[in-house]
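71 is the number of the first residue of the sequence shown in this note's numbering; add one for each residue after it. Ideal Cβ placement from N, Cα and C applies to all residues, glycine included. I have placed the structure first, in the form of structure tokens, so that the comments after it can refer back to it.
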Amino acid sequence: VLDLDLAFEVEKHAAIIGTSSAEEKSFHKAWERSNILSLMFMRMSITNNIKSTLPKTKSAKEFMTFVEKCSQIVDKSLTGTLMSTLSTIKFDDSRIMHEHSFKLQILQQDLSY
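Given below as structure tokens:
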């Protein structure tokens, strides 16, 4: 429909010059459109607090790489936090055992994702 995957599948070609063929010009125009729309849609779908930590780039493929790296860092951090919570949590008499058991199950499910 929008052919947005072109910017991810194909590397950007050299700049268009006067001797470039009509096919090369058409491809370059399609690649630029794909790249711009992909960047726009990705930036729109990311929350502002995450967006501010990502470096500015003009390539959708580079932007996706930065997002992937940030995601892996967050996943590792979240895993560490969940493991710490799961290993140190203790039953106290402030709630019933069923609630405590349920909380442990939720932590275990979060950890398995």
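Asked	Found
Should the stretch 122-141 be regarded as contacting the stretch 161-175, the criterion being three or more beta carbon pairs within less than 8 Å?	no
Could you compute how far the alpha carbon of Ala77 sits from the alpha carbon of Lys128?	11 Å
Please name the residue, chosen from Ser104, Ile86, Met112, that lies closest to Met134 on a Cα-to-Cα basis.	Met112
Please determine, among Ala130, Lys146, Leu177, Thr151, the residue with the shortest C-alpha to C-alpha distance to Ser108.	Ala130
Could you give the first and the last residue of the continuous alpha helix (DSSP H) run that contains Leu156?	130-158
Quick one: residues in its chain with C-beta nearer than 8 Å to the C-beta of Gly88, no 5 flanking neighbours on either side, listed in chain order?	none
Rounded to whole angstroms, what's the CA-CA distance from Glu81 to Leu74? Just pull it up for me.	13 Å
Check Glu81 in the structure and name its three-state DSSP category.	coil
Mapping the DSSP letters down to three states, classify Lys126 as helix, strand or coil.	coil
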